[in-house]
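One structure is given here, and the rest of the page talks about it.
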Amino acid sequence: ESVRGLVKLIERLAAGDKAVVIGGPEAMADVQRRMTVGLNVERQSVTIIGGGDVGLRLAERLDGVSSISLRIIERDQSRGEMLAARLHRALVLHGNGTDLALLESEGIGRSDVMVSVIDNDEKNLLASLLGRQLGVKRIITRVSEPSNLRLFERVGVDVAISARGAAIAAVLHEVEGGPASLLAVLEQGEGRILELEVPARFVGRALKDLAPPRDSIVGAILRTRQAIVPRGADRLQGGDRLIVFSTRAAADEVRMFFTGVA
Numbered sequence: 201e202s203v204r205g206l207v208k209l210i211e212r213l214a215a216g217d218k219a220v221v222i223g224g225p226e227a228m229a230d231v232q233r234r235m236t237v238g239l240n241v242e243r244q245s246v247t248i249i250g251g252g253d254v255g256l257r258l259a260e261r262l263d264g265v266s267s268i269s270l271r272i273i274e275r276d277q278s279r280g281e282m283l284a285a286r287l288h289r290a291l292v293l294h295g296n297g298t299d300l301a302l303l304e305s306e307g308i309g310r311s312d313v314m315v316s317v318i319d320n321d322e323k324n325l326l327a328s329l330l331g332r333q334l335g336v337k338r339i340i341t342r343v344s345e346p347s348n349l350r351l352f353e354r355v356g357v358d359v360a361i362s363a364r365g366a367a368i369a370a371v372l373h374e375v376e377g378g379p380a381s382l383l384a385v386l387e388q389g390e391g392r393i394l395e396l397e398v399p400a401r402f403v404g405r406a407l408k409d410l411a412p413p414r415d416s417i418v419g420a421i422l423r424t425r426q427a428i429v430p431r432g433a434d435r436l437q438g439g440d441r442l443i444v445f446s447t448r449a450a451a452d453e454v455r456m457f458f459t460g461v462a
């Protein structure tokens, strides 16, 4: 059902499209199975370039996943020894993540995913380009300067993430956004995921009877301890919290529509 709703919303998926999907664990597993037909997703090889704070936290999250074969490349030997002591299954390699000879000798090109999180945009870009040249299927790269995001995307980085850009958007939203909370930004801020509370005075109505702003969709209704993935017949009630996807341009209109606060 969640897949049918997704297809209805987008109408036609094309290669390279990015879809943001929300739902329960079983529905998400079903979506993944349907959208990865013909792909081998049972086991993945992941290489992390850079063992700083971000690299360590990511490695710790992935280290316990049995379906992931994890390698991490760290330039500083003492830091690498600490990583090896903290991680249980990951292979920690001492070396420079921008060294082509090292990447070739370790077969980095066979990685399904390479994540470059060096604290330097130029080195991250170089590591990403080398990974792409060697045949890595998917490249995810940290970008410190938001102004570099477009450059990284244009040279073939699959996902370029700017924590600083997301932080700036979140702070601006807290200043300007009134009662709405900004949960996440997508595509360098062009997409927003908002959490809003329906006023207590709201008279219950079915979602299909509302006319929310264009370029927005209610992804979830949070009610007491329930998380409801809504269909048209589901009714909004006063006090409900909503998770709403919208474009940046529509965010203010969405906030005003669901909360009645200018």
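The sequence shown begins at 201 in this note's numbering and counts up one residue at a time. All C-beta atoms, glycine included, are put in the ideal place defined by N, C-alpha and C. Fair warning: this is a prediction, and the values are worked out from it, not measured in the lab.
{"Check": "Between the alpha carbons of Thr175 and Gln426, how many angstroms are there, rounded?", "Outcome": "Absent from the structure is residue 175, since the part of the chain shown begins at 201 and ends at 462."}
{"Check": "Assess, as a yes-or-no matter, whether the region 392-399 is touched by the region 427-442 under the definition of 3 or more beta carbon pairs within less than 8 Å.", "Outcome": "yes"}
{"Check": "Would Arg286 and Leu256 qualify as a contact pair, given that the criterion is a beta-carbon distance under 8 Å?", "Outcome": "yes"}
{"Check": "Helix, strand or coil, according to DSSP, for Leu287 in the structure here?", "Outcome": "coil"}
{"Check": "What separation, rounded to the nearest whole angstrom, lies between the Cα atoms of Glu281 and Ile222?", "Outcome": "39 Å"}
{"Check": "Do Gly391 and Leu407 come within 8 Å of each other at the CB atom, strictly closer than that value?", "Outcome": "no"}
{"Check": "What does the alpha-carbon distance come out to for the pair Gly295 and Asp452?", "Outcome": "48 Å"}
{"Check": "Rounded to whole angstroms, what is the Cα-Cα separation between Ile340 and Ala214?", "Outcome": "21 Å"}
{"Check": "Could you give the residue range of the alpha helix (DSSP H) that holds Gln333?", "Outcome": "321-334"}
{"Check": "From what residue to what residue does the beta strand (DSSP E) around Leu394 run?", "Outcome": "391-397"}
{"Check": "Buried or exposed: Arg342, going by 16 or more other Cβ atoms within 10 Å of its Cβ?", "Outcome": "buried"}
{"Check": "Would you mind reading off the limits of the alpha helix (DSSP H) that contains Val231?", "Outcome": "225-235"}
{"Check": "Taking the beta carbon of Gly307 as the centre, do at least 16 other beta carbons fall within 10 Å, making it buried, or is it exposed?", "Outcome": "exposed"}
{"Check": "Do you know offhand how far Ala284's Cα is from Ser269's?", "Outcome": "15 Å"}
{"Check": "Where do the N-terminal and C-terminal ends of the alpha helix (DSSP H) with Leu349 fall, by residue?", "Outcome": "349-354"}
{"Check": "Beta-carbon within less than 6 Å of Lys218's beta-carbon, same chain only, minus the 5 sequence neighbours each way: which residues are those?", "Outcome": "none"}
{"Check": "Would DSSP call Gly419 helix, strand or coil?", "Outcome": "strand"}
{"Check": "Does Ala450 pass the burial test, meaning 16 or more other C-beta atoms within 10 Å, or should it be called exposed?", "Outcome": "buried"}
{"Check": "Between Asp409 and Thr447, how many whole angstroms is the CB-CB distance? I'm expecting something under 8 Å.", "Outcome": "About 23 Å separates the two Cβ atoms, so there is no contact after all."}
{"Check": "In angstroms, rounded to a whole number, what distance separates the CA positions of Arg350 and Ile318?", "Outcome": "18 Å"}
{"Check": "Going by beta-carbon coordinates alone, are Leu394 and Arg455 separated by less than 8 Å?", "Outcome": "yes"}
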